[in-house]
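Student: Those sequence lines, one after another, are chains A and B.
Reminder that position 49 of the first sequence reads as 49 in the working numbering, one-by-one numbering, no gaps.
Just add 113 to the spot in the second sequence (first one is 1) and you have the working numbering.
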Amino acid sequence: ETGVTQTPRHLVMGMTNKKSLKCEQHLGHNAMYWYKQSAKKPLELMFVYSLEERVENNSVPSRFSPECPNSSHLFLHLHTLQPEDSALYLCASSPRQAQDTQYFGPGTRLTVL
Amino acid sequence: AQSVTQPDIHITVSEGASLELRCNYSYGATPYLFWYVQSPGQGLQLLLKYFSGDTLVQGIKGFEAEFKRSQSSFNLRKPSVHWSDAAEYFCAVALMDSSYKLIFGSGTRLLVRP
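1. Which same chain residues, not among the five before or five after S185 of chain B, have their C-beta less than 6 Å away from its C-beta?
2. Have a look at A:R9, A:K22, A:H79 and A:L27 and flag the residue whose alpha-carbon is nearest the alpha-carbon of P95 of chain A.
3. So what's Q25 of chain A in DSSP terms, helix, strand or just coil?
4. Please report whether the beta-carbon of Y213 of chain B lies at a distance below 8 Å from any beta-carbon of chain A.
5. DSSP three-state label for R182 of chain B, please.
6. In three-state terms, what does DSSP make of S284 of chain B?
7. Using a Cβ cut-off of 7 Å, pull out every chain B residue sitting near V48 of chain A, in sequence order please.
8. Within 10 Å of its beta-carbon, does K162 of chain B have 16 or more other beta-carbons around it, so buried, or fewer, so exposed?
9. If we require 3 or more residues per run, which beta strand (DSSP E) segments fall completely within the segment 30–68 of chain A?
10. Which chain A residues are close to F217 of chain B, counting only those with a beta carbon under 7 Å from its beta carbon?
11. Any contact of the segment 187–203 of chain B with the segment 74–87 of chain A, i.e. 3+ C-beta pairs under 8 Å?
12. Could you work out which residues of chain B lie near T101 of chain A, taking near to mean beta carbons separated by less than 7 Å?
13. Per DSSP, what are the beta-bridge partners of F147 of chain B in this structure?
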């Protein structure tokens, strides 16, 4: 399998649930990203990891907790989310910094009830 | 603050017609510029990018974009649109520093009439 994969593709959860989103890249890239895509809003960068170290945290609420165990895998742990957190969550990777092309996964469509 | 503006939320064109999607950026220097496309249910795919050099950039699927420094613009064009081009298009800029931030516009949804 090549490129950037994300699981699950769809997730429905209650506000008291705990779930995790998974991203995997098979491109040998050093940087990985989480974005939030809401209706009628630009893509919002949430977190960036470079060589497994978090280098950007864009004022994201603590109910979102990223984890990067190695350069190929990225997780987003979710707990006590709010309905306004419903969105498409996109993972991306790039060889190094933002000036490099970012390759996106298909996203996880999250609905919080 | 740096920003990217895509003034057209929706554009409808007939199949075979030409297309131009507008993008303007606000930044003190020349950034790195990108156009991405997102089909329904998919992630974003890079169409083309500009870093330096020739201001007319060729991309995939027959798209091109022209960087105009004087207008702070990076408009996307295609001479003849196909029905499969219906998607959402995003312009983005990356700053010329060591950051990891890619700043996206709010997108333009392209509808193609048969």
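In this text, a Cβ means the ideal position worked out from N, Cα and C, and glycines have one as well.
Tutor: This is what the structure gives:
1. Looking up residue 185 of chain B in the second sequence gives position 72. Excluding positions up to five away in sequence, the list reads N137 and Y138.
2. For the purposes of this step, residue 95 of chain A is taken as residue 95 along the first sequence, with counting starting at 1. The candidate whose alpha carbon is nearest that of P95 of chain A is A:L27.
3. The residue you call residue 25 of chain A lines up with position 25 of the first sequence. Three-state result, Q25 of chain A: strand.
4. Sequence index remark: in the second sequence, residue 213 of chain B carries index 100 (1-based). Chain A contact via Cβ: present.
5. Locating residue 182 of chain B in the second sequence gives position 69, where the first residue counts as 1. Of the three classes helix, strand and coil, the one that applies to R182 of chain B here is helix, per DSSP.
6. In the structure displayed, chain B extends from 114 to 227; residue 284 of chain B sits before or after that span and is not available.
7. For the purposes of this step, residue 48 of chain A is taken as the residue at position 48 of the first sequence. Result: Y213.
8. Taking the second sequence and counting its residues from 1, one reaches residue 162 of chain B at position 49. K162 of chain B is buried by the Cβ-count criterion.
9. 31–37, 44–50 and 53–57
10. Within the second sequence, the letter at position 104 stands for residue 217 of chain B. Correct list: P42 and L43.
11. no
12. As a position in the first sequence, residue 101 of chain A is number 101, starting the count at 1. Residues of chain B passing the Cβ test: L159 and K162.
13. Your numbering for residue 147 of chain B matches position 34 in the second sequence. F147 of chain B is bridged to B:K162 and B:A205.
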